[in-house]
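To start, the structure under review is shown below, and the notes come after it.
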Amino acid sequence: MGKMKKGFIFSLSSIMLVAIISTIIGMNASIERAKTELELTSLRVAIMNNYVSDFEDSYLENILYVSGKYMLGMLAENGVPAGKGFDDVFPQLLINGSYRQGSSLVAIGGSGAKSFNFFRNEIEPKLEEAGINIVDFDAELVEIRQDSPWTVELTVDFKYNLQDKNNVSAWDGSIRKKASISIIGLKNPEGNDVIVNDFKDGRWVENPNPLASSDQYMSFLTMLSGEGGYNINGICIKQIFTYPMCICKLTGFLNVKITYCCNQDSTI
Amino acid sequence: MKNKKGYYLVIDSLIAIAILSIGIFLIRGSLANSPSQIQGENLAHDTLSFLASAKVSDFCDFELSICWGPLTNLEIPKNRNNSLLGYIGELKKNGRQGSITDLIENSVANSHILNQNFNFTFMLDGSLFYPRGITKPEDINGYKSSPLVSSSSRIIFGHYDDQLPSDPFIQFENWGPYTAEARVWAK
Chain A
104 MGKMKKGFIF SLSSIMLVAI ISTIIGMNAS IERAKTELEL TSLRVAIMNN YVSDFEDSYL
164 ENILYVSGKY MLGMLAENGV PAGKGFDDVF PQLLINGSYR QGSSLVAIGG SGAKSFNFFR
224 NEIEPKLEEA GINIVDFDAE LVEIRQDSPW TVELTVDFKY NLQDKNNVSA WDGSIRKKAS
284 ISIIGLKNPE GNDVIVNDFK DGRWVENPNP LASSDQYMSF LTMLSGEGGY NINGICIKQI
344 FTYPMCICKL TGFLNVKITY CCNQDSTI
Chain B
2 MKNKKGYYLV IDSLIAIAIL SIGIFLIRGS LANSPSQIQG ENLAHDTLSF LASAKVSDFC
62 DFELSICWGP LTNLEIPKNR NNSLLGYIGE LKKNGRQGSI TDLIENSVAN SHILNQNFNF
122 TFMLDGSLFY PRGITKPEDI NGYKSSPLVS SSSRIIFGHY DDQLPSDPFI QFENWGPYTA
182 EARVWAK
């Protein structure tokens, strides 16, 4: 009787032991599965974060420079469309690669025009590879100014909304970017070849004279904006000569000082 | 007689405990030595971060037109502000595939960035640039059988002004966006 009781206890305890061990192993397996799933999700989010930070930190800044320089170059080479102001056309070109003329859109530079929208289309497949969709992308030109005789500074506010394909994460960002664009290498605006020293073979080159200050020349943006006119010894001349290059020769001869930024009141 | 039996049982249980402890110790020890996922991810991430943060201007004297270190014998970068990763984009734009492999070899593979337990591949837009002479990572010895493969990717995009000595015109060029990917796997 005693032996049977003993055997019964042993059987029970061995069954319990097996049950406990299999429960622990089962729990461990499910914890491992959850951990792997969590690790994979965080790995996916980390990869996507990498892409998003590259997009925000580097891509937007670079496309601002490239689009800005491209569009300034297009306007310098072809001129601002007749009846349109630079301030009206440039922001539209920068964003869309086209501008509105009445009820129609006029494209500049064809389908390869390097506008923000062009670059949005370029980055879209790359982001999709990482499982990110561009839900919204918008840009607004805040400021454009002549930074130095050879650089134009652009300030743009970018807004974007990116979403993970699996709806695990989303990025809603708004960031201000600045780019200082070198105008060296762009063609001179037609009919404004005033800066003879700095203009070789149809293109702007760096001024070889380090003493030449910016106020001796009309700024690049002033030329593009079509405000026109050259301030010669305090007198603003809107239309100069048939051959504006003469101005530079005259400066040497008459020792007059030419500045840009025409004062409208003194226009003759 | 009963005492002797008890004595045997105690010794038996002690031997069993010793065997179990040694087993557990060995299993835990082998787990500690196996490469972890985090380690692989960090290495892949660090490799790309190094390439993205090291500047070409640290390895070149642009006035003298000479470069050293990982850029030895490579053409002078056109954008002085570029990182090594940006320079790789510039090389791809200009069709200098071999130079990309040289740069990766000199900067990552031959340096001590990678742990010796790991191997590494570098890809740009899905094309393999390191190791040399192989087109798919799967063809590399040990890749398929590796217990651990980690990867890190970055988007690269850039621009440069190009002026030939004989030509006063300056060409403005941009390249990308390309996807640069570093894959790290345990040997």
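Each protein sequence line maps, in turn, to chains A and B.
Numbering of the first sequence is given in my numbering, commencing with residue 104 and proceeding in unit increments.
Numbering of the second sequence is given in my numbering, commencing with residue 2 and proceeding in unit increments.
Glycine residues also receive a C-beta, built at the ideal position from the N, C-alpha and C atoms.
So residue i and residue j are in contact, right, with Cβ under 8 Å, and what is the actual spacing, rounded?
i, j, result
"G186(A)", "G200(A)", "Not a contact, Cβ separation roughly 20 Å."
"G288(A)", "F173(B)", "5 Å"
"N1(B)", "G143(B)", "No answer is possible for residue 1(B): the residues shown for chain B start at 2 and end at 188."
"Y161(B)", "L125(B)", "Not confirmed; about 17 Å, so no contact."
"F261(A)", "A242(A)", "5 Å"
"A45(B)", "R133(B)", "Contact flag wrong, Cβ pair sits at about 20 Å."
"N83(B)", "V109(B)", "Rounded, the Cβ-Cβ distance is 17 Å, inconsistent with contact."
Who are the near neighbours of residue i in its chain, counting only those whose CB is closer than 8 Å to its CB and skipping five residues on each side?
i, result
"I284(A)", "Y168, G171, K172, L175, T254, V255, E256 and L257"
"F63(B)", "I77 and R81"
"L86(B)", "L49, L52, A53, R155, I157 and A181"
"L230(A)", "Y154, F158, N236, I237 and L265"
"A210(A)", "G200, S201 and A216"
In whole angstroms, what is the alpha-carbon distance linking residue i and residue j?
i, j, result
"E164(A)", "S125(A)", "57 Å"
"D296(A)", "E232(A)", "In this prediction, D296(A) scores a pLDDT of 38, lower than 50, which makes its location untrustworthy; no coordinate-derived value is stated."
"L27(B)", "K137(B)", "37 Å"
"A273(A)", "M326(A)", "44 Å"
"I98(A)", "N153(A)", "Because residue 98(A) is not part of the residues shown, which for chain A are 104 to 371, the question remains open."
"I247(A)", "Y131(B)", "43 Å"
"P252(A)", "F323(A)", "7 Å"
"G234(A)", "F222(A)", "18 Å"
"D103(B)", "G24(B)", "48 Å"
"S88(A)", "M107(A)", "In the structure as shown, chain A begins at 104 and stops at 371. Residue 88(A) is therefore absent and cannot be evaluated."
"D59(B)", "Q98(B)", "22 Å"
"L244(A)", "V271(A)", "32 Å"
"W69(B)", "M177(A)", "38 Å"
"K94(B)", "G177(B)", "8 Å"
"G115(B)", "N107(B)", "Note on residue identity: the sequence assigns Leu, not Gly, to residue 115(B). When rounded, the distance between both Cα atoms is 13 Å."
"L65(B)", "T73(B)", "14 Å"
"D191(A)", "S161(A)", "28 Å"
"I67(B)", "D163(B)", "17 Å"
"S145(A)", "E225(A)", "27 Å"
"P194(A)", "R203(A)", "11 Å"
"R29(B)", "N43(B)", "23 Å"
"L196(A)", "I286(A)", "17 Å"
"D267(A)", "I112(A)", "58 Å"
"S152(B)", "K145(B)", "15 Å"
"F129(A)", "E140(A)", "A quick correction: the sequence has Gly, not Phe, at residue 129(A). Each residue's Cα considered, the two are about 17 Å apart."
"K413(A)", "S116(A)", "Residue numbering for chain A in the displayed model covers 104 to 371; residue 413(A) lies beyond these limits and cannot be assessed."
"S214(A)", "K79(B)", "27 Å"
"A19(B)", "V11(B)", "12 Å"
"F123(B)", "E139(B)", "13 Å"
"G127(B)", "S22(B)", "48 Å"
"P71(B)", "H113(B)", "13 Å"
"S218(A)", "S207(A)", "18 Å"
Who are the Cβ neighbours of residue i in its own chain at under 6 Å, not counting the five residues just before and after it?
i, result
"L15(B)", "none"
"K138(A)", "none"
"S100(B)", "L75 and L92"
"F89(B)", "What sits at residue 89(B) in the sequence shown is Ile, not Phe. Result list for I89(B): I101, in chain order."
"S328(A)", "F189"
"Q117(B)", "none"
"S277(A)", "K262"
"N220(A)", "N199"
"P313(A)", "Because the pLDDT at P313(A) is just 38, under 50, the model does not fix this residue reliably, and the value given afterwards should be weighed accordingly. Answer for P313(A): no residue qualifies."
Counting only the same chain and skipping the five closest in sequence on each side, list residues whose C-beta sits under 7 Å from that of residue i.
i, result
"L149(B)", "P36, Q38, G41, W186 and A187"
"N131(A)", "none"
"Q249(A)", "V255, S322, F323 and L324"
"I150(A)", "A233"
"I135(B)", "L129 and I141"
"F240(A)", "R223 and Y263"
"A55(B)", "S84 and L85"
"K280(A)", "L163, E164, L167, V259 and F261"
"I105(B)", "F123, F130 and Y131"
"D275(A)", "N264"
Following a CB-centred definition, is residue i positioned closer than 7 Å to any heavy atom of the ligand GDP?
i, result
"K5(B)", "In the structure shown, the ligand GDP is absent, as is every other ligand, since no ligand is present at all."
Problem set entry | Contiguous alpha helix (DSSP H) assignments of at least 4 residues, all confined to the segment 9-88 of chain B | Whole alpha helix (DSSP H) segments, 4+ residues: 38-54.
Exercise. Taking only runs of the alpha helix (DSSP H) that begin and end inside the segment 161-185 of chain A, which ones reach a length of at least 4 residues, in chain order?
Worked result: 163-181, all fully within the segment 161-185 of chain A.
Exercise. What residue ranges within the segment 87-138 of chain B form continuous alpha helix (DSSP H) runs of no fewer than 4 residues, ordered along the chain?
Worked result: Those alpha helix (DSSP H) runs which fall completely within the segment 87-138 of chain B and span 4+ residues are 98-105.
Problem set entry | Completely contained alpha helix (DSSP H) runs for the segment 203-284 of chain A, where each covers 4 or more residues | Those alpha helix (DSSP H) runs which fall completely within the segment 203-284 of chain A and span 4+ residues are 219-232.
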